[in-house]
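Report on the structure given below.
Residue numbers (the working numbering): 1 to 543.
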């Protein structure tokens, strides 16, 4: 292919009039101008319009700048889904800095590592998390770290302040008319998100302005979002920047309903009181909604769209959630892909199928989203595409503008992740004849028993069909004869009971012999703040 520029067309130059850096920051002044009095962020008794939100974000940017923070510096935030966290997604970048939102559930050692590794200049921290943050501050090397406290009356427990001023006082030091500008280069870093670090130290994933802009625009298209949606933020804003939905809702002049403690009662109350139309979360959120007692449920007139990511939702969960008036869209992604990158686009002809078939299709992760250039499933050895037979397992690889810049200070891991010109996900899947991807397991979670590959996801799907099972997680258990065998950990629904033998008998009726769990452990399954099951913790129990 000849890539030599055509001289007739190569004389044009990029100038300010025809080339502007793509950045989600551009959504905010537009929303403030077009919808100044519409609700932007709502949290308990607090309510900010889009014009107020814009002024607060500019004040934050100004206050940060006055402390000497400039382009490329890191500002870390440890906070729940509150207005301050939403504002941080604009104000920090408007000052030219990079937002580092930290998982609120991390231990002090990991928080300290992130603060030092990111070279954070400022830490904005919610006093609700003071115990772990206080310990982390004692461990960090940077003793000049500036600390600003978010004092939230809805927070529980110890509310010890750690800084010299609170967030509202900090905003007063800034100028609500602060003159900010878009980045000179859309490739500039916008945010820094650390992986969960289930093995070794967490890696710092760097996003750029261009990717976040395209992610937001793609989400509007792919999720078929209307203007002025009412969005309940049940996805933690520290996780992949809340899937970028704060930026997306700004572009649409939507209402962001903040939720500090995610519970069934909080979800139903928000749907009823704020007429919520959209929300997102892991499948555990779906189970929470379905299993809510009648006393916590509230009437709803609207269909609520739920975007869910993670393990495929069991058919029983999907059927139950639909019957309550919710519509589920399954997506797939990683921290390295700005969140969702593959979606189960619904084809109209599927709607007439019986529920069993619809549930099977909905549990698939789907096809590349608009902002994702390409998604493939490749053979682990040859790296060629696997056949579209729904059986042959390969690794998902991705390419596009919503792939991270790389891992901070880790060129080796970055090169390995991008080897061959594709981002290697580490997730195993099959490709169906329709071109839809279906995840089978994490590469590290696949169970190899007697030479046979067994999908833990498939076994979990069967276990979830039992009416007494709330949550199931399957891992590999060492075995002298077979090398590995499946071991299941199960949470039982409230007011339900079941024995190990009864559940094993259920598996005998629904799974091939070599796929059946050889042991079932009843316990509470450890989870991340985003609802993902922490299988590495379960592995410790059987070693």
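Note that CB positions come from ideal geometry on N, CA and C, so glycine has one too.
- In the DSSP assignment, residue 505 falls within the alpha helix (DSSP H) that extends over 500-510.
- Boundaries of the beta strand (DSSP E) harbouring residue 423: 423-431, taken from the DSSP string.
- Counting other Cβ atoms within 10 Å of its Cβ, residue 371 reaches 16 or more and is therefore classed as buried.
- Contact between residue 399 and residue 425 is absent: CB atoms are separated by about 11 Å, not below the 8 Å threshold.
- In this structure residue 506 does not touch residue 449 by the C-beta definition: roughly 20 Å separates them, more than the 8 Å allowed.
- Burial check for residue 213: the Cβ neighbour count within 10 Å reaches 16 or more, so the residue is buried.
- Residue 298 carries a coil assignment under DSSP once its states are collapsed to helix, strand and coil.
- Secondary structure note for residue 478: its beta strand (DSSP E) is the uninterrupted segment 469-479.
- Setting aside the 5 residues that flank it on each side, residue 43 is surrounded in the same chain by 82, 83, 258, each with a C-beta closer than 7 Å to its C-beta; the list follows chain order.
- Looking only at 341, 19, 282, the smallest Cα-Cα distance to residue 397 is reached by 341.
- Residue 330 is bridged by DSSP to 308.
- Taking each of 168, 469, 395, 403 in turn and checking the Cα distance to residue 291, the smallest one comes out for 469.
- Spatial neighbours of residue 407 in its own chain (CB-CB distance under 8 Å, excluding positions within 5 residues in sequence) are listed in chain order as 203, 204, 205, 206, 413, 414, 417.
- In the structure shown, residue 354 adopts coil according to DSSP, grouped into three states.
- Between the C-alpha atoms of residue 157 and residue 385 there is a straight-line separation of about 52 Å.
- Going by C-alpha positions, residue 263 is about 16 Å away from residue 274.
- Note that the stretch 453-461 does not touch the stretch 298-308; fewer than 3 beta-carbon pairs, one per stretch, sit closer than 8 Å.
- A straight line joining the alpha-carbon of residue 502 with that of residue 392 spans about 32 Å.
- By the criterion of a C-beta distance shorter than 8 Å, residue 430 is surrounded in its chain by 377, 386, 389, 390, 391, 392, 393, 394, 437, 438, 440, once the five residues flanking it on both sides are discounted.
- Counted as a single uninterrupted DSSP element, the beta strand (DSSP E) harbouring residue 278 occupies residues 278-281.
- With a threshold of 16 other beta carbon atoms within 10 Å, residue 107 falls short and is exposed.
- Residue 399 is bridged by DSSP to 374.
- Secondary structure at residue 274: coil, using DSSP grouped into helix, strand and coil.
- In the three-state reduction of the DSSP assignment, residue 174 falls in the coil class, being assigned neither a helical nor a strand state.
- Along the stretch 119-200, the beta strand (DSSP E) occurs as fully enclosed runs of 3 or more residues at 120-126, 146-150, 189-194, listed in sequence order.
- Residue 368 is bridged by DSSP to 342.
- Residue 185 sits exposed, since fewer than 16 C-beta atoms from the chains shown fall within 10 Å of its C-beta.
- In the three-state DSSP reduction, residue 6 falls in the coil class, being neither helix nor strand.
- Contact between residue 175 and residue 59 holds: their C-beta atoms lie close to 7 Å from each other, under 8 Å.
- Under the DSSP assignment, residue 541 falls in the alpha helix (DSSP H) whose first and last residues are 535-542.
- In this structure, residue 125 lies away from residue 61, with their beta-carbon atoms at least 9 Å apart.
- At least 9 Å separates the beta-carbon of residue 77 from that of residue 95.
- Here DSSP, grouped into helix, strand and coil, assigns residue 12 to coil.
- Assignment of residue 98 by DSSP, reduced to helix, strand and coil, places it in the strand class.
- Runs of beta strand (DSSP E) with 3 or more residues, each lying fully within the stretch 210-262, are found at 230-233, 255-258, listed in chain order.
- The three-state secondary structure of residue 361, taken from DSSP, is helix.
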